[in-house]
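Chemist:
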Amino acid sequence: MTEDTPASDTDNPASKPASLYKNRNFLLFLLSRTGSVTGTQILAVAIGWHVYQKTGEVLYLGLIGLFMFLPVLCLFLVAGFAADRFDRRFIVGICNCVNFVAMTAIGFYLMTGSAAVWPIFALLALNGSAQAFIFPALQATLPNIVPRDVFAKAVATNSSVMTIGQLGGPAIGGFLIALIDEKVYFVAAVLFLIAAAAMFLVRADLKIEGREPFGIPMLLGGFLHIWRTKAVLGAISIDLVAVLFGGVMGLLPVFAVDILKVGPEALGVMRAMPAIGALVVAVSLARWGLIWRTGPSFFISLAIFGLSILVLSLSTSFWLSVLALAVYGASDMVSVYVRQTLVQIETPNDLRGRVSAVNSVSINASNQLGDFRAGTMSALIGTPAAVAVGACATLGLTLLWYKLFPQLRELTKF
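Mapping the sequence shown onto the working numbering, position 54 (from 1) lands on 221, and the numbers just tick up by one.
What follows is the structure, given as structure tokens:
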């Protein structure tokens, strides 16, 4: 397999691990990622709360995920092509400006008190369209701004920073809902604006000169590369199906209001607990790396992920639910770390945008479609039963993938 050396291997002579935290471009990248992730998490907790308060219908919580995912599904091929042909800084910066507009519009619309929810879904689709372009461009950027010998450390550090955003976002969102209600979206808008400014300040050549003629084979290059690289195929596909059946985040307003009988502040805590668990694991990965064999660790983490969902489905205690959500996030971080590192290390630079676009569909499908699956099933059989069914499906699929992908199962190290 051809491997392109990241630009920073040659541009930055200080290729020692300590130099990672002196890398201006990497720090700006982290600032942009933090602003974007925190804004997205504030949106997630706030929009679920406001839509459920406005309608009282659990089905609408599922529709939130659907409207945020459909643009990703429709645009991911174009987004991957753009990330492999245009300056990735400007893609991320411009799309975060679009998110600024969408958040501002949602805030103003909710302040009108209108009962219609379709304008909210339309603005969420706009947000989803921007996210479709942001993810592959960001994922393809990281290998070009850090040296290869500290890339796994950069992935873990990036995961830690993202987790801080995932941790702070829901907690901030929950308290801001109680404090300023619909104005919470203006805070998210400012965070997206900060994310845009940080990426515009990155000083690196992130435009990839095209070497392939435009056409169907070029657009499908990401799929073809993933299909040929079986360890990557296994890691991406199991993440898709596991979180598709095991997604619970979109249903947390139902657990908070109807099962645990708590308010928006407690919902913010619940939403933040997966990030707390993930942060503990991400910090240890950034410091020590994965201390056990990569393949077995990956599958064990997926099994723990499924068990934590099962505990949540059976819990009627707030504190047990909080603990289950922390384990949920911690186990998910291990699988995310393995998948993200594999995808970037095993992909040539001129394919990273398209491969990351396919990966973005997997992530968004598993999260947004997982919320839609959970929401529609909850409307039919009840929320605890729907979550329990998803947990059992996740455990069964983890066992199946363990048998189907020996290349991933037997992986000892990156």
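Beta carbons are placed, not taken as given, at the ideal position from N, Cα and C, and that holds for glycine. Owing to the predicted nature of the structure, the values given are computational and were not obtained by experimental measurement.
Could you say if the stretch 284-293 and the stretch 235-253 meet the contact criterion of at least three C-beta pairs nearer than 8 Å?
Modeler: yes
Chemist: Would you say the stretch 442-456 touches the stretch 490-501, given that touching needs at least three Cβ pairs under 8 Å?
Modeler: yes
Chemist: Does the stretch 558-565 come close enough to the stretch 404-423 to have 3 or more Cβ pairs within less than 8 Å?
Modeler: yes
Chemist: Give me, in chain order, the residues of the same chain whose beta-carbon lies closer than 7 Å to that of V259; leave out the 5 immediate sequence neighbours on both sides.
Modeler: S199, I301, A304, L305 and M366
Chemist: Spatial neighbours of A433 within its chain, please: C-beta separation below 8 Å, excluding the five flanking residues on both sides.
Modeler: G341, A423, L427 and F485
Chemist: Taking only three categories from DSSP, how would you classify S326?
Modeler: helix
Chemist: Helix, strand or coil, according to DSSP, for I344 in the structure here?
Modeler: helix
Chemist: Going by DSSP in three states, E432 sits in which element: helix, strand or coil?
Modeler: helix
Chemist: Let's see if you can read the secondary structure: which residues bound the alpha helix (DSSP H) around M366?
Modeler: V351 to F367
Chemist: Check whether the stretch 200-218 touches the stretch 341-359, taking contact to mean three or more Cβ pairs, one atom from each stretch, closer than 8 Å.
Modeler: yes
Chemist: Quick one: Cα of R521 to Cα of Q220, how far?
Modeler: Their Cα atoms are separated by approximately 39 Å.
Chemist: Roughly how many angstroms lie between the CA atoms of P314 and K189, to the nearest whole one?
Modeler: 12 Å
Chemist: Can you tell me which of the three DSSP states W216 falls into?
Modeler: helix
Chemist: Taking 8 Å as the cut-off, does the stretch 476-484 touch the stretch 548-557 (at least 3 CB pairs, one atom from each stretch)?
Modeler: yes
Chemist: Which one of A213, A453, F466 and I458 has the shortest CA to CA distance from A338?
Modeler: A213
Chemist: Taking its Cβ as the centre, do 16 or more other Cβ atoms sit within 10 Å of M278, making it buried, or is it exposed?
Modeler: exposed
Chemist: In whole angstroms, what is the alpha-carbon distance linking T461 and V503?
Modeler: When rounded, the distance between both Cα atoms is 12 Å.
Chemist: Does the Cβ of W216 have 16 or more other Cβ atoms within 10 Å, making it buried, or fewer, making it exposed?
Modeler: buried
Chemist: Write down the C-beta distance between W568 and I405 rounded to the nearest angstrom, noting that I regard them as a contact closer than 8 Å.
Modeler: 4 Å
Chemist: Going by CA-CA distance only, name the one from S545, I512, F572 and R454 that's closest to L309.
Modeler: The candidate whose alpha carbon is nearest that of L309 is I512.
Chemist: Measuring straight from C-alpha to C-alpha, what distance separates L407 and L343?
Modeler: 32 Å
Chemist: If T508 and H392 are in contact, beta carbons under 8 Å, what's the gap, nearest whole angstrom?
Modeler: Not quite, the Cβ-Cβ distance comes to about 16 Å (not below 8 Å), so this is no contact.
Chemist: Compare the beta carbon distance of S326 and M500 with 8 Å and say whether it is the shorter of the two.
Modeler: Cβ distance < 8 Å, so S326 and M500 count as in contact.
Chemist: Straight-line CA distance for V218 to G336?
Modeler: 18 Å
Chemist: Quick one: using the 10 Å Cβ neighbour count with 16 as the cut-off for buried, is R395 buried or exposed?
Modeler: exposed
Chemist: Roughly how many whole angstroms lie between the Cα atoms of E577 and L571?
Modeler: In this structure, the CA atom of E577 is about 12 Å from the CA atom of L571.
Chemist: Buried or exposed: A282, going by 16 or more other Cβ atoms within 10 Å of its Cβ?
Modeler: exposed
Chemist: To the nearest angstrom, report how far apart T550 and L242 are at their CA atoms.
Modeler: Their Cα atoms are separated by approximately 31 Å.
Chemist: Can L418 and G542 be called in contact, C-beta distance under 8 Å?
Modeler: yes
Chemist: Where does T143 sit, in a helix, a strand or coil, going by DSSP?
Modeler: Outside the modelled stretch of the chain, which goes from 168 to 581, sits residue 143, for which no answer is possible.
Chemist: Could you compute how far the alpha carbon of S488 sits from the alpha carbon of M437?
Modeler: Each residue's alpha carbon lies about 8 Å from the other.
Chemist: Nearest CA to the CA of E349: which residue from A297, Q298 and G274?
Modeler: G274
Chemist: Alpha carbon to alpha carbon, how far is V354 from T207?
Modeler: V354 and T207: Cα-Cα distance of roughly 11 Å.
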